[in-house]
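These protein sequences, in sequence, are chains E and C. If you count the first sequence from 1, position 18 lands on 18 in the working numbering, and the numbers rise without skipping. If you count the second sequence from 1, position 178 lands on 178 in the working numbering, and the numbers rise without skipping. Glycine included, each C-beta is placed from N, C-alpha and C at the ideal position. First up is the structure itself, then whatever we jot down about it.
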Amino acid sequence: MTGHSSSCAEIAEQFPRLRAPELADLCSELQELRERTRSFARQELIPRALELDRRAGEEPGYFDWDVVRAGARAGMLRFLVPAPAGGSGGLAMHACIMMEELCAACAGIGLIFGAHGLGITPLLLGGAAHWDGVLAQLVASEASERPLLMALAITEPEAGTDVEDPDLLARGRITSHARRVPGGYRLSGTKRFISNGSVARWISVVMPTDPMRPAETETCFLVDTRSEGFAVSRAEHKMGQRACPAAELSFDEVFVPDELLVGREGDGATETLIVLACSRPPVGAIGTGIARGAYERLRAWLHEDDVGARLLERQHVQLALAQMEEEIHLAHQAYMDAAMEIDLWALGPTMRHPAARLLAGLPPSFRRRSRVRRKLLSGTARAQTVALLHRTTDDRRLSRAVGLSSLAKARGGDVAVRVTSAALQIAGLRAGPLRAELEKLWRDAKLVQIYEGTNQLNRVEVFRTLSNEEEMRCLPPRESIEPARMNGARA
Amino acid sequence: MSTASRAEREALRSLARDLAERELAPRALQLDAQEPAALEHCRSLLEQAGLLRALVSEEHGGGGIGAGELLEVLGELARGEAGCALGVLLENVAALAAQELGCPLQEEGFERLAIVPGVGEHEVSVREDALHGRLQGALGALGAEQLLLLAERPEGTALWLLSAEQPGVAIVADRSQMGLRAAPAAALELDGAAFQELIAPQRDHRGVPAQALALLRLGTGAIARGIALRAHELALSYAQERWQGGVPIIEHEAVGDMLAAMVVRLRAHGRPEGLVASGSRNGDAPLLEPQGALAARVALCEDALATAIDAVQVFGGTGYMVETGVEKLMRDAQYCTLFPEPAWQASQELIALARSTT
Numbered sequence: 001m002t003g004h005s006s007s008c009a010e011i012a013e014q015f016p017r018l019r020a021p022e023l024a025d026l027c028s029e030l031q032e033l034r035e036r037t038r039s040f041a042r043q044e045l046i047p048r049a050l051e052l053d054r055r056a057g058e059e060p061g062y063f064d065w066d067v068v069r070a071g072a073r074a075g076m077l078r079f080l081v082p083a084p085a086g087g088s089g090g091l092a093m094h095a096c097i098m099m100e101e102l103c104a105a106c107a108g109i110g111l112i113f114g115a116h117g118l119g120i121t122p123l124l125l126g127g128a129a130h131w132d133g134v135l136a137q138l139v140a141s142e143a144s145e146r147p148l149l150m151a152l153a154i155t156e157p158e159a160g161t162d163v164e165d166p167d168l169l170a171r172g173r174i175t176s177h178a179r180r181v182p183g184g185y186r187l188s189g190t191k192r193f194i195s196n197g198s199v200a201r202w203i204s205v206v207m208p209t210d211p212m213r214p215a216e217t218e219t220c221f222l223v224d225t226r227s228e229g230f231a232v233s234r235a236e237h238k239m240g241q242r243a244c245p246a247a248e249l250s251f252d253e254v255f256v257p258d259e260l261l262v263g264r265e266g267d268g269a270t271e272t273l274i275v276l277a278c279s280r281p282p283v284g285a286i287g288t289g290i291a292r293g294a295y296e297r298l299r300a301w302l303h304e305d306d307v308g309a310r311l312l313e314r315q316h317v318q319l320a321l322a323q324m325e326e327e328i329h330l331a332h333q334a335y336m337d338a339a340m341e342i343d344l345w346a347l348g349p350t351m352r353h354p355a356a357r358l359l360a361g362l363p364p365s366f367r368r369r370s371r372v373r374r375k376l377l378s379g380t381a382r383a384q385t386v387a388l389l390h391r392t393t394d395d396r397r398l399s400r401a402v403g404l405s406s407l408a409k410a411r412g413g414d415v416a417v418r419v420t421s422a423a424l425q426i427a428g429l430r431a432g433p434l435r436a437e438l439e440k441l442w443r444d445a446k447l448v449q450i451y452e453g454t455n456q457l458n459r460v461e462v463f464r465t466l467s468n469e470e471e472m473r474c475l476p477p478r479e480s481i482e483p484a485r486m487n488g489a490r491a
Numbered sequence: 001m002s003t004a005s006r007a008e009r010e011a012l013r014s015l016a017r018d019l020a021e022r023e024l025a026p027r028a029l030q031l032d033a034q035e036p037a038a039l040e041h042c043r044s045l046l047e048q049a050g051l052l053r054a055l056v057s058e059e060h061g062g063g064g065i066g067a068g069e070l071l072e073v074l075g076e077l078a079r080g081e082a083g084c085a086l087g088v089l090l091e092n093v094a095a096l097a098a099q100e101l102g103c104p105l106q107e108e109g110f111e112r113l114a115i116v117p118g119v120g121e122h123e124v125s126v127r128e129d130a131l132h133g134r135l136q137g138a139l140g141a142l143g144a145e146q147l148l149l150l151a152e153r154p155e156g157t158a159l160w161l162l163s164a165e166q167p168g169v170a171i172v173a174d175r176s177q178m179g180l181r182a183a184p185a186a187a188l189e190l191d192g193a194a195f196q197e198l199i200a201p202q203r204d205h206r207g208v209p210a211q212a213l214a215l216l217r218l219g220t221g222a223i224a225r226g227i228a229l230r231a232h233e234l235a236l237s238y239a240q241e242r243w244q245g246g247v248p249i250i251e252h253e254a255v256g257d258m259l260a261a262m263v264v265r266l267r268a269h270g271r272p273e274g275l276v277a278s279g280s281r282n283g284d285a286p287l288l289e290p291q292g293a294l295a296a297r298v299a300l301c302e303d304a305l306a307t308a309i310d311a312v313q314v315f316g317g318t319g320y321m322v323e324t325g326v327e328k329l330m331r332d333a334q335y336c337t338l339f340p341e342p343a344w345q346a347s348q349e350l351i352a353l354a355r356s357t358t
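Below, the structure written as structure tokens:
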């Protein structure tokens, strides 16, 4: 079992391959990130949270670009962008710490940055191909009036849980379709509940090239939302996490050129599995943050308000607070365990491999030369990225990461709902402004049990990978389903 | 107060069910948004049906039904829209208490009543024969002409009557109210407000304040049960229509287990109307046993919340969206667990009641 601690000593014990200087750097980097994000959240998110929630409740789709600009200034948009592309080069641990801090202040605003990171994650699996394209653009846009946001579109009207599990996917009702055309693909279909979908400039979209065989042909594409045929068909009216708009997206023969294929054609299902393994610990952190936000607000009220002070004398309230502390602590440990598994064990060796380091060390000006760029986008380079994954990790390690990630996600969601509900019970209807804040957190909490796969689906994954020790097929196959296309002359 | 015949009870239930299905449920989203036209329309229909004064005796212009029948009506109404059901409960309990204490119910200025339970000393105090303080989250208080406050004092519970339209009283809409929004909440700001003490503080569990509180609790339980029934209906129907993994989701045991748990919760508790004793207090008024009412309210409300949360889970992302009406059930159910007091405070009072009877 992975230990329940994130101290340097325990990380060192569990991951002996990580050298001491790297470990010290990592720990101080994470601590600095936590403090910086907390300060940003207190300054920029808390004052906006209730008003944004109210406004977006009355006007679904309403979006506050000011908070995005503030986030961009604080480095919240570049946290997952690899360092060679100008970003911070964070991974799951960084994302988790950021999400907990942001969501302790406002889960809706936190989700804007989380959904942005989710949209970026598939590009990380695509190797260096996108460093000098979209990812560099994202970083460059941070200082602009309208920074570029990303999103990930997987869910369809008839397929929610189905698209998040390879077994269910094979039997799912997938209606979207990516059709091969000269020079690229034409995408058609509808995607639902897409966080940031109505405000993102770039969306990572997963669609099958053969809807009758979705498990074998799911493919990830990078879609420019200014493309002809793309439309936001509906702004969803959500119960909570409203500051981050969710949308239904319509694709009508949207053209995506070959160079905006993410990874290889047909690798979408395994890519989705790895992306979800990376994104579920941060979702657990969202739940932990929401719970912590409720706990901290309640505790402050109990100490500062006359009514609260009387309640604090009651043993029931004292025990309830102790239980909240316990739940939050364990949820935090669960997501840190999962994130460490990914960063240091399941995908860490890939990132630290000499080949990856070599590539990262190339000067950007060299990488951007057209001949080099063509090579990086070629089918051969994509195949080499897959080969590197096969050399540095395996299905056993990734399956364990999937299991721990699902565990952290389900735990975080449940803790969020339980703690916010318990806090609301202690405060009661008479608590005034505190009640409004706790109610928002409780509404926000429920979504954590639903998105990124329902908690039920995630527990099925926990059973398969941890209880039953199954090895899921997480790695893309060594051979592409259509090697001739991407390895051929057109690439 | 008469006890209705079986046929009369069934007719009353049908009336409530019909109102809920035809008028309240289709307007649930507008009521939740507190659209004035929808609120007025539904209140007017409930008034025309005689449901707002159903408990008041016929001689005082009411319907003269018993508490058991009212609880059945509330359960039916809550399946359509729980906030409206709470409004019916609040007006009935206020009117019944006012009638029993000799208030001129049929006079002008007594058309809209509300009752506010659990008014603590730290919130509202009496100085120089007037009320001072601020009381937040008073459900159903917005728009009321007369307010009955159940004031908790060290010597027991008192009942105070307060006119909303008088100097020293400000009723401020509570815009952040999350649940049961068709019974709009308000904050009462009292600054030297004159009031009439209808009953001095007392501990008699057969007295008007205790009985009013017991009826509020049992009524809230009946509303919660209505919410749970609706949540179960919607979830069961959706689980048979929605396919994932090549089968209807009801065939996935993870979903089936949640639906089964809903049935267990719904069946585990008797109907709240079964707790209305046949004994009488002042001639023919019903007698509610405080401990039973409190226990039923805690159990029914907590079960309704668990059921509504699971219903949203069965719906997945769809259930989280406002237009499906499922997430509203969750918000309404949470408010039931908080009214007239949070469930944990109710549990503490249960212990106190148990100790006082042994």
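For residue i, count neighbouring C-beta atoms within 10 Å of its own C-beta (all shown protein chains included) and say buried if the count is 16 or more, exposed if not.
{"i": "C:Ile351", "result": "exposed"}
{"i": "C:Pro290", "result": "buried"}
{"i": "E:Ser378", "result": "buried"}
{"i": "E:His177", "result": "buried"}
{"i": "E:Ser144", "result": "exposed"}
{"i": "E:Leu330", "result": "exposed"}
Pick helix, strand or coil for residue i, following the three-state DSSP scheme.
{"i": "E:Cys220", "result": "strand"}
{"i": "C:Gly143", "result": "coil"}
{"i": "E:Ser378", "result": "coil"}
{"i": "E:Glu492", "result": "With chain E represented from 1 up to 491, any question about residue 492 of chain E goes unanswered, as that position is not in the structure."}
{"i": "C:Tyr335", "result": "helix"}
{"i": "E:Tyr295", "result": "helix"}
{"i": "E:His177", "result": "strand"}
{"i": "C:Gln196", "result": "strand"}
{"i": "E:Met351", "result": "helix"}
{"i": "C:Leu190", "result": "strand"}
{"i": "E:Ser405", "result": "helix"}
{"i": "C:Tyr320", "result": "helix"}
{"i": "C:Gln34", "result": "coil"}
{"i": "C:Ile65", "result": "coil"}
Could you pull out every residue in the same chain whose Cβ sits closer than 7 angstroms to the Cβ of residue i, ignoring the five residues on either side in sequence?
{"i": "E:Val232", "result": "Gly197, Ser198, Ala247, Leu249"}
{"i": "C:Ile65", "result": "Ala4, Leu12, Ala54, Leu55"}
{"i": "E:Arg146", "result": "Trp65"}
{"i": "C:Ala141", "result": "Ala114, Val116, Leu147, Ile171, Ala185, Ala186, Leu188"}
{"i": "E:Thr393", "result": "Ala346, Leu347, Pro349, Thr350"}
{"i": "C:Arg297", "result": "Arg217, Leu218, Thr220, Gly221, Ala346"}
{"i": "E:Pro157", "result": "Thr190, Arg192"}
{"i": "C:Val208", "result": "Ala97, Glu100, Leu101, Leu159, Ile199"}
Quick one: residues in its chain with C-beta nearer than 6 angstroms to the C-beta of residue i, no 5 flanking neighbours on either side, listed in chain order?
{"i": "C:Ala78", "result": "Ala85, Ile223, Gly226, Ile227"}
{"i": "E:Gly117", "result": "Leu80, Ala95"}
{"i": "C:Gln136", "result": "Ala187"}
{"i": "C:Gln106", "result": "Gly61"}
Report yes if the C-beta of residue i is less than 7 angstroms from at least one heavy atom of the ligand GTP; otherwise report no.
{"i": "E:Glu51", "result": "Although the ligand GTP was asked about, the structure shown includes no ligands whatsoever."}
Candidates the options: which alpha carbon is nearest residue i's?
{"i": "C:Ala193", "options": "C:Ala212, C:Thr220, C:Ile199, C:Leu162", "result": "C:Leu162"}
{"i": "E:Asp224", "options": "E:Arg186, E:Asp210, E:Pro245, E:Ala338", "result": "E:Arg186"}
{"i": "E:Gly289", "options": "E:Val448, E:Leu91, E:Pro477", "result": "E:Val448"}
{"i": "C:Leu147", "options": "C:Ala20, C:Arg153, C:Val169, C:Asp129", "result": "C:Val169"}
{"i": "E:Ala300", "options": "E:Arg38, E:Ala423, E:Gln43", "result": "E:Ala423"}
{"i": "C:Ala138", "options": "E:Ala143, E:Arg443, E:Glu156, E:Arg430", "result": "E:Arg430"}
{"i": "E:Ala85", "options": "E:Gly284, E:Leu407, E:Pro363, E:Glu470", "result": "E:Pro363"}
{"i": "E:Asp306", "options": "C:Gly120, C:Glu8, C:Leu19", "result": "C:Gly120"}
{"i": "E:Asp132", "options": "E:Arg459, E:Val419, E:Lys375", "result": "E:Lys375"}
{"i": "C:Ala299", "options": "C:Ala67, C:Thr337, C:Thr318, C:Gly256", "result": "C:Thr337"}
Taking one C-beta from the stretch 161-178 of chain E and one from the stretch 199-219 of chain E each time, how about it: are there three or more such pairs within less than 8 angstroms? yes
Q) Any contact of the stretch 264-276 of chain E with the stretch 435-449 of chain E, i.e. 3+ C-beta pairs under 8 angstroms? A) Three or more beta-carbon pairs separated by less than 8 angstroms are not found between the stretch 264-276 of chain E and the stretch 435-449 of chain E, which leaves the two stretches without contact.
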